[in-house]
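If you're matching them up, the sequences are chains A and B in order. So the first sequence is numbered by this note's numbering: it starts at 1317 and just counts up by one. So the second sequence is numbered by this note's numbering: it starts at 1317 and just counts up by one.
There are 2 protein chains.
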Amino acid sequence: MADDLLYHVDGDLVPASEATVSVDDRGFRYGDAAFETLRAYGGTIFAWDRHVERLEQTCEALSLAHGLSAADLRERIDETLAANDLVDAYVRLSITRGVQPGKLTPRPEVDPTVVIYVTPLPRGGLEGEPIWDGPATVRSVETRRVPDDALPASAKTHNYLNGILARAELRGTDADEALLSDLEGTVAEGATSNLFFVRDGLLCTPTTDGPVLPGITRELVLELAEDAGVPTREGRYDLEDVFGADEAFLTNRTWELRPIGRVDDVPIGGGPVTERLSRLYDERVEKACYEE
Amino acid sequence: MADDLLYHVDGDLVPASEATVSVDDRGFRYGDAAFETLRAYGGTIFAWDRHVERLEQTCEALSLAHGLSAADLRERIDETLAANDLVDAYVRLSITRGVQPGKLTPRPEVDPTVVIYVTPLPRGGLEGEPIWDGPATVRSVETRRVPDDALPASAKTHNYLNGILARAELRGTDADEALLSDLEGTVAEGATSNLFFVRDGLLCTPTTDGPVLPGITRELVLELAEDAGVPTREGRYDLEDVFGADEAFLTNRTWELRPIGRVDDVPIGGGPVTERLSRLYDERVEKACYEE
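Here it is as structure tokens:
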């Protein structure tokens, strides 16, 4: 892919085209790995402390005691950004359980594999253009979100086939995000994004009591809304609730806030609340990454 | 691990210690890959046609059109066995969706990554010793099997965290296999094995209508039982049904038939039906792999 980039694999900077892991690595054999998707703005990792915290939650859910400090991980990320001369970037940090003797049963002693991926990703921000090409076209899919009792949704892992099957259902449509419901038919989230919608001035989003990833952008948007006096509600909603919304948008680290043009065949679009929250989000990035 | 072995990676035989895949391979990033666990007995892959068929089912479930013929895959396996001078072996065949541009959404055009792992595994068989150290000690766990609506259990993929979480629950106990139930509390299967038990002469096993992998050893055992006039029933059972069994055993390619010593604190053990079916299984292997 991006052969001129350098990735950070197990302590070394290597060209992306030569960046590999052992086929015996549990990250490859079983998807036995945690990851975080981060953004660097102006050379600073945005909301780093929140990523560290969520990574720890994931590793706790997986009983993956990697033994690496947050400072060590951050140093590897900073080294990777510097080596690639990047200030605005997509960053992915993966930590696997490494190679272990035996088969499936995980051993407590872990020699983790740490991979840091980077890709240039220009900031949209207050002055710039958003990185997505227009509003999202969303389709609800048949694939159901994996329930927490099988694999906790709060764990961000390399087991991503559930989202892949959801996205595969979009083949032949013009949709670019799949909307998954849980087994009861309650709307959960997009394959790689959280859902928000606005109804009568109330900002609604599916509760993380259901199988919903506690996205960091999601969390920030809820905080920004509360600070700005926009009423919020985390609840259980069905598709009809979304269809009846005045505005709707998706969030993730890469997209930030992305308005939804349509869900299935129902036009929705952004609007004043979406725009206001997008601006507040950009200002937050500005303050955190450029004014220090 | 086994540094002196040769693996087959993307068409080349390479020492296991140097066998790698790109960190951008979707098999690593997302566990976006199909696999089969096979056994070679006397240089022959046992029940090859059934493995080919199940692999195709998995790839269909994943919309993974790898474009490789069964003959091509078999040739790679045979080459790997020959290069390692192995006749009795554990073989794992993995096919990933490879590296693709873009992020999560799978593209229809696939340049698959094919990995063949081998490890020596002496045959137990009619004359030999089974490969496991005595009967299995099984514990029921809290982790629930992923429902088919989220990820079809008939697909054998690199998304194996559900089984890993189940096995992680065994830490601190003397159990060597975790027994998972589905969300309704119906017994499904072990983390890497299918469950059988005998009650009043009836051979029972959880139905694949639930989230249960259609194991090839499971299928063979059901056929052998029917041929031998042992009544069989594929049904929905709870733990109490298992606790009340006269005999119980687990099946998978590696273990073949392995008696269960205890489930939780309830002693069960093998018995005449388990022994008879084990013998019939060994005879089947004998006939298929040694008498041609």
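The beta carbon of each residue, even a glycine, is placed where N, CA and C say it ideally should be. On a predicted model such as this, the values are computed, not experimentally measured, just so you know.
Which class does residue i belong to by DSSP, given the choice of helix, strand or coil?
i         : result
A:SER1456 : strand
A:ARG1552 : coil
A:LEU1467 : coil
B:PHE1362 : coil
A:HIS1324 : strand
B:LEU1540 : helix
A:TYR1406 : strand
B:GLY1577 : strand
A:SER1594 : helix
B:THR1396 : helix
B:ASN1478 : helix
B:THR1523 : coil
B:ARG1355 : strand
A:LEU1371 : helix
A:ALA1507 : coil
A:ALA1515 : First, the residue type needs correcting, since residue 1515 of chain A is Arg and not Ala in the sequence shown. Residue state, collapsed to three classes: strand.
A:ILE1411 : strand
B:SER1385 : coil
B:THR1533 : helix
A:SER1333 : helix
A:ALA1484 : helix
A:MET1317 : Low local confidence applies: a pLDDT of 44 at A:MET1317 is under 50, so the model's placement there is unreliable, with the coordinate-based value given in what follows. It is coil, neither helix nor strand.
B:GLU1500 : coil
B:VAL1434 : strand
A:GLU1425 : coil
B:VAL1462 : coil
B:GLU1391 : helix
Can you give me the Cβ contacts of residue i inside the same chain, cut-off strictly under 7 Å, excluding the 5 residues immediately before and after it?
i         : result
A:THR1374 : ALA1350, ALA1471, LYS1472 and THR1473
A:HIS1367 : GLU1352, LEU1354 and ILE1532
A:ALA1513 : Note on residue identity: the sequence assigns Phe, not Ala, to residue 1513 of chain A. Answer for A:PHE1513: CYS1520, VAL1558, ALA1561, GLU1563 and ALA1564, listed in chain order.
B:LEU1371 : ALA1350 and GLU1352
B:ARG1595 : none
B:ALA1504 : ARG1461, LEU1496, SER1497, ASP1498, PRO1522, GLY1526, PRO1527 and VAL1528
B:ALA1311 : This structure does not reach residue 1311 of chain B, given that chain B is present from 1317 up to 1608, and the question cannot be answered.
B:ALA1541 : LEU1519, THR1548 and LEU1593
Which residues in chain B sit within 8 Å of residue i, going by Cβ to Cβ distance?
i         : result
A:LEU1420 : TYR1476, GLY1479, ILE1480, ARG1483, ALA1507 and THR1508
A:GLY1343 : PHE1344
A:VAL1431 : VAL1339
A:LEU1499 : PRO1463, ASP1465, ALA1466 and LEU1499
Can you find a heavy atom of the ligand NAP that lies under 7 Å from the Cβ of residue i?
i         : result
A:PRO1527 : Inclusion of the ligand NAP in the displayed structure is not the case, the ligand content being empty and no account of it being possible.
Just to make sure I have the definition right: I need the residues of chain A whose C-beta is within less than 8 Å of the C-beta of residue i. Which are they?
i         : result
B:GLY1347 : TYR1346, GLY1347, HIS1474, ASN1475, TYR1476 and LEU1477
B:ALA1469 : Neighbours of B:ALA1469 on chain A: none; closest Cβ ~11 Å, over 8 Å.
Give me the chain A residues within the contact set of residue i, using Cβ-Cβ distance strictly less than 7 Å, ordered along the chain.
i         : result
B:THR1336 : THR1336, VAL1337, SER1338 and VAL1339
With a cut-off of 8 Å on the beta carbons, I'd call residue i and residue j a contact; round off their distance for me.
i         : j         : result
A:PRO1451 : A:GLY1560 : That belief does not hold up - the Cβ atoms of A:PRO1451 and A:GLY1560 are roughly 18 Å apart, past 8 Å.
A:LEU1624 : B:TYR1476 : The structure shown does not extend to residue 1624 of chain A, since chain A spans only 1317 to 1608, so no value can be given for it.
A:LEU1566 : A:ARG1574 : 5 Å
B:ARG1392 : B:ILE1432 : 5 Å
B:VAL1337 : A:VAL1337 : 7 Å
B:ALA1507 : A:PRO1422 : Rounded, the Cβ-Cβ distance is 11 Å, inconsistent with contact.
A:ARG1461 : B:ALA1466 : 7 Å
A:LEU1384 : A:ALA1356 : No, A:LEU1384 and A:ALA1356 are not in contact; Cβ-Cβ is about 19 Å, not under 8 Å.
B:ALA1381 : B:PRO1424 : 7 Å
B:GLY1347 : A:GLY1347 : 3 Å
A:ASP1340 : B:ALA1332 : 7 Å
Which residues in the same chain as residue i place their Cβ atom closer than 6 Å to its Cβ, once the five residues preceding and following it in sequence are excluded?
i         : result
B:ALA1335 : TYR1323 and VAL1325
B:ALA1469 : PRO1527, VAL1528 and LEU1529
B:ASP1427 : GLY1414
B:ALA1363 : ILE1532
B:THR1453 : ASP1490, ALA1491, ASP1492, GLY1577 and ARG1578
A:THR1590 : GLU1563, PHE1565 and PRO1575
For a contact defined as C-beta to C-beta under 9 Å, what are the partners of residue i on chain A?
i         : result
B:ALA1332 : SER1338, VAL1339 and ASP1340
B:VAL1325 : VAL1339
Excluding five sequence neighbours on each side, which residues of the same chain lie with their C-beta closer than 8 Å to the C-beta of residue i?
i         : result
B:THR1523 : GLU1550, GLY1551 and ARG1552
A:THR1502 : PRO1522, GLY1526, ARG1552, TYR1553 and ASP1554
A:ASP1580 : VAL1454, ARG1455, SER1456, LEU1555 and PHE1559
Residues of the segment 1369-1403 of chain B whose Cβ lies closer than 9 Å to any Cβ of chain A, in chain order: For the segment 1369-1403 of chain B, which is checked against every Cβ of chain A, the residues closer than 9 Å are ALA1377, LEU1378 and SER1379.
Contacting positions in the segment 1537-1556 of chain B - beta carbon closer than 8 Å to chain A: Correct list: empty, as no residue qualifies.
Residues of the segment 1455-1466 of chain A with a CB closer than 8 Å to any CB of chain B: list them in chain order, please. Flagged, chain order: GLU1458, THR1459, ARG1460, ARG1461, VAL1462, PRO1463, ASP1465 and ALA1466.
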